[in-house]
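2 protein chains.
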Amino acid sequence: MDKPDTKDKIMRAALVLVARDGFAGATTARIAAEAGVAEGSIYRHFKNKDDLMLALYRHIKGEAYLAVMQGYDDQATPHDRFTHIWRHIFAAYQADPDALLFGLRFAETPLMEKEGGQGHKEMAAVLTCLRDDGVTTGTFKTIAADLLISLFYAPIVTLLRAEIAGRQWDEEEISSACDASYDSWAVPIRPHDP
Amino acid sequence: MDKPDTKDKIMRAALVLVARDGFAGATTARIAAEAGVAEGSIYRHFKNKDDLMLALYRHIKGEAYLAVMQGYDDQATPHDRFTHIWRHIFAAYQADPDALLFGLRFAETPLMEKEGGQGHKEMAAVLTCLRDDGVTTGTFKTIAADLLISLFYAPIVTLLRAEIAGRQWDEEEISSACDASYDSWAVPIRPHDP
DNA sequence: GTCTATATTTGGATAGAC
DNA sequence: GTCTATCCAAATATAGAC
Numbered sequence: 003m004d005k006p007d008t009k010d011k012i013m014r015a016a017l018v019l020v021a022r023d024g025f026a027g028a029t030t031a032r033i034a035a036e037a038g039v040a041e042g043s044i045y046r047h048f049k050n051k052d053d054l055m056l057a058l059y060r061h062i063k064g065e066a067y068l069a070v071m072q073g074y075d076d077q078a079t080p081h082d083r084f085t086h087i088w089r090h091i092f093a094a095y096q097a098d099p100d101a102l103l104f105g106l107r108f109a110e111t112p113l114m115e116k117e118g119g120q121g122h123k124e125m126a127a128v129l130t131c132l133r134d135d136g137v138t139t140g141t142f143k144t145i146a147a148d149l150l151i152s153l154f155y156a157p158i159v160t161l162l163r164a165e166i167a168g169r170q171w172d173e174e175e176i177s178s179a180c181d182a183s184y185d186s187w188a189v190p191i192r193p194h195d196p
Numbered sequence: 003m004d005k006p007d008t009k010d011k012i013m014r015a016a017l018v019l020v021a022r023d024g025f026a027g028a029t030t031a032r033i034a035a036e037a038g039v040a041e042g043s044i045y046r047h048f049k050n051k052d053d054l055m056l057a058l059y060r061h062i063k064g065e066a067y068l069a070v071m072q073g074y075d076d077q078a079t080p081h082d083r084f085t086h087i088w089r090h091i092f093a094a095y096q097a098d099p100d101a102l103l104f105g106l107r108f109a110e111t112p113l114m115e116k117e118g119g120q121g122h123k124e125m126a127a128v129l130t131c132l133r134d135d136g137v138t139t140g141t142f143k144t145i146a147a148d149l150l151i152s153l154f155y156a157p158i159v160t161l162l163r164a165e166i167a168g169r170q171w172d173e174e175e176i177s178s179a180c181d182a183s184y185d186s187w188a189v190p191i192r193p194h195d196p
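These protein sequences, in sequence, are chains A and B. Just so we're on the same page, the working numbering is the position in the first sequence counted from 1, plus 2. Just so we're on the same page, the working numbering is the position in the second sequence counted from 1, plus 2.
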């Protein structure tokens with residue numbers, strides 16, 4: 003990342019423009035201008051525009067996955083694993099909000115179907131494994147994994163979108179959001195001896 | 003809706019195309035073809051394409067709000083109110099999945115900022131009011147309303163997206179999803195007398 | 001109000017010099 | 001590998017007849 007080559011510059015430019023102005027705003031002309039390269043150069047590194055966007059999406063998902071796996075202990079308790087992943091995803095996208103916005107916008111594009119869920123797979127596998135372990139130990143509800151995953155991401159996306167819009171969150175609010183997400187997964191604790 | 007006039011036909015065509023192929027796929031030419039009218043007719047009813055999309059978004063949000071308020075009792079318990087709204091939103095978008103997809107895609111568009119949150123306001127107000135009441139009675143956690151709202155919508159969107167993709171949900175799964183969402187709002191019940 | 005035809009602009013992509 | 005120049009297709013929007 004110290005010496006971004008042309009390919010890196012093009013990808014970052016596309017990322018920034020999509021995050022700022024949506025897919026409609028990310029024309030090849032503007033991408034080239036933002037990257038400081040010629041429009042034709044895009045096609046030396048990518049087959050076409052779709053290819054660029056697809057590569058970018060997969061790159062982002064790969065980066066997020068790496069960030070999340072930093073120091074992850076798959077032998078820890080479900081609660082600790084949940085918190086670890088939640089916090090690390092939050093931190094990763096907080097450090098690069100444009101990547102979050104790109105991912106959200108990309109997902110509403112026809113390209114998403116073409117993508118086939120490749121980028122999503124690694125992260126989904128980790129979360130699904132966590133869910134399964136938690137279900138086995140009676141910690142988590144027996145609910146479809148994709149449903150729980152959406153309850154996992156929802157507050158992360160909302161917190162960071164608000165932050166992008168200028169709002170500030172203190173540590174306690176972030177912690178509460180993580181807990182609320184956890185509570186949606188956890189088997190409710192009921193008074194067992196009335 | 004029995005005799006859809008040209009304006010209705012144009013709006014429905016735009017809705018269907020955006021839901022099917024995203025915003026990039028909804029060109030004025032294709033909208034006109036889908037609606038069975040001439041391209042020029044679009045501009046007799048809308049100032050321009052953005053105006054059409056904006057009107058469509060607000061229309062959809064208004065319809066959803068009306069559907070949700072059917073039989074809503076704002077004196078019921080927080081739990082019952084929560085369930086009522088959740089079920090009604092779910093049913094409304096289940097009956098018109100294209101409207102759901104349109105809304106999600108529109109939200110990732112620069113038009114969303116231009117919209118100013120007008121369409122969202124009514125529904126957000128109802129949910130925020132519910133949250134506030136629940137906080138007062140000690141039923142709900144003291145967490146920012148927008149965060150809870152995202153935990154509210156997350157499973158609805160995920161369930162229906164999967165359904166659009168061909169998956170079937172039985173009543174118990176839907177009920178569990180609603181409960182999981184509720185648990186993310188509710189103050190956890192702890193054994194108070196060990 | 002609706003159509004047909006068209007003006008105008010812009011987008012994605014390529015050719016070929018350096 | 002990068003740039004300049006350019007082609008072609010498609011998209012928004014308008015003009016004007018009916």
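Glycine is no exception: its CB is placed at the ideal position from the N, C-alpha and C atoms. All values reported here derive from a predicted model rather than from experimental measurement.
ask   = Relative to the C-alpha of residue 109/A, which residue among 171/A, 121/A and 173/A is closest?
value = The shortest C-alpha to C-alpha distance from residue 109/A to any of 171/A, 121/A and 173/A is the one to 121/A.
Quiz item: Does the segment 9–24 of chain A come close enough to the segment 41–49 of chain A that 3 or more CB-CB pairs lie under 8 angstroms?
Solution: Verdict: yes, contact present.
- prompt: Nearest chain A C-beta to residue 106/B closer than 8 angstroms, yes or no?
  reply: Closer than 8 angstroms: yes.
Checklist entry - Going by other Cβ atoms of all chains shown within 10 Å of its Cβ, with 16 needed for buried, is residue 19/A buried or exposed? => result Buried, by the Cβ-count rule.
- Item | Cβ distance (whole Å) where residue 161/A is taken to contact residue 179/A below 8 angstroms | About 6 angstroms separates the two Cβ atoms, so the contact holds.
Cβ of residue 118/B within 8 angstroms of any chain A Cβ
By the rule that beta-carbons nearer than 8 angstroms mark a contact, residue 118/B does not touch chain A.
Item to complete: State the CB to CB distance for the pair residue 59/B and residue 105/B, rounded to an integer number of angstroms; the pair is presumed to be in contact (CB under 8 angstroms).
Response: Sure, about 7 angstroms apart at Cβ, within 8 angstroms.
**Asked** By how many angstroms is the C-alpha of residue 128/A removed from the C-alpha of residue 51/A?
**Response** Those two C-alpha atoms are separated by around 31 angstroms.
Check: If you check the beta carbons only, do residue 132/A and residue 92/A fall under 8 angstroms apart?
Finding: Annotated as distal: residue 132/A and residue 92/A, with beta-carbon spacing of 8 angstroms or more.
Under 8 angstroms, with one C-beta from each stretch per pair, do the segment 60–69 of chain B and the segment 144–155 of chain B reach the 3-pair mark?
The segment 60–69 of chain B, when compared against the segment 144–155 of chain B, does not touch it at the 8 angstroms Cβ threshold.
Interface residues of chain B facing residue 175/A [CB-CB closer than 7 angstroms]:
What residue 175/A touches in chain B: 146.
Buried or exposed for residue 196/B, going by 16 or more other Cβ atoms inside 10 Å? Low local confidence applies: a pLDDT of 45 at residue 196/B is under 50, so the model's placement there is unreliable, and no value is given.
- Query: Mind checking if residue 110/A is an interface residue toward chain B, Cβ cutoff 8 angstroms exclusive?
  - Reply: By this cut-off, residue 110/A is an interface position.
- Item | Strand pairing of residue 37/A, partner residues [DSSP] | DSSP output for residue 37/A lists no bridge partner at all.
Discussion item. Just to make sure I have the definition right: I need the residues of chain A whose C-beta is within less than 8 angstroms of the C-beta of residue 159/B. Which are they?
Written reply: Residues of chain A whose Cβ lies closer than 8 angstroms to the Cβ of residue 159/B are, in chain order, 152.
Query - Nonlocal neighbours in the same chain, by C-beta distance under 8 angstroms from residue 114/B, ignoring five residues either side - result: Non-local beta-carbon contacts of residue 114/B in its own chain, meaning distances under 8 angstroms to residues more than five positions away in sequence, involve 108 in chain order.
query = What are the start and end residues of the alpha helix (DSSP H) that includes residue 110/A?
reply = Segment: none, residue 110/A is in no alpha helix (DSSP H) and carries neither H nor E.
Between 48/B, 116/B, 170/B and 70/B, which lies nearest to residue 124/B when the distance is taken from Cα to Cα?
-> Nearest to residue 124/B by C-alpha distance, out of 48/B, 116/B, 170/B and 70/B, is 70/B.
- Query: Opposite residue 188/B in the DSSP bridges: which residues?
  - Reply: Residue 188/B has 142/B as its beta-bridge partners, per DSSP.
Task: Beta-carbon spacing of residue 140/A, residue 112/B below 8 angstroms - done: Their beta carbons are not under 8 angstroms apart, which means residue 140/A does not touch residue 112/B by this criterion.
inquiry  = Can you give me the C-alpha to C-alpha distance between residue 183/B and residue 39/B, rounded to a whole angstrom?
reply    = C-alpha of residue 183/B to C-alpha of residue 39/B: approximately 43 angstroms in a straight line.
- request: Please say whether residue 190/A and residue 191/B have beta carbons closer to each other than 8 angstroms?
  value: Between residue 191/B and residue 190/A, the CB-CB gap stays under 8 angstroms.
message = Using a Cβ-Cβ cutoff of 8 angstroms, what residues of the segment 18–40 of chain B are near chain A? List them in chain order.
response = Within the segment 18–40 of chain B, the qualifying residues are 23, 24, 25, 26 and 27.
Considering residue 197/B, what are the terminal residues of the alpha helix (DSSP H) in which it resides?
Since the first residue of chain B shown is 3 and the last is 196, residue 197/B is not available in this structure.
Residue 67/A: first and last residue of the uninterrupted alpha helix (DSSP H) it sits in
From DSSP, the alpha helix (DSSP H) with residue 67/A extends over 51–71.
### Query
Just how far apart, CA to CA, sit residue 100/B and residue 37/B?
Between residue 100/B and residue 37/B, the C-alpha separation is close to 15 angstroms.
Indicate whether residue 86/B and residue 74/B have their beta-carbon atoms separated by less than 8 angstroms. Taking 8 angstroms as the Cβ cut-off, residue 86/B and residue 74/B qualify as a contacting pair.
Just the chain B side, please: which residues come within less than 8 angstroms of residue 185/A by C-beta, in chain order? Within chain B, the residues 185, 186, 188 and 190 have their CB atoms less than 8 angstroms from the CB of residue 185/A, given in chain order.
So the alpha helix (DSSP H) residue 82/B belongs to, where does it begin and stop?
-> Membership of residue 82/B in the alpha helix (DSSP H) is indicated by the continuous run 80–97.
Practice problem: Please state whether DSSP places residue 134/B in a helix, a strand or coil. | Solution: Of the three classes helix, strand and coil, the one that applies to residue 134/B here is helix, per DSSP.
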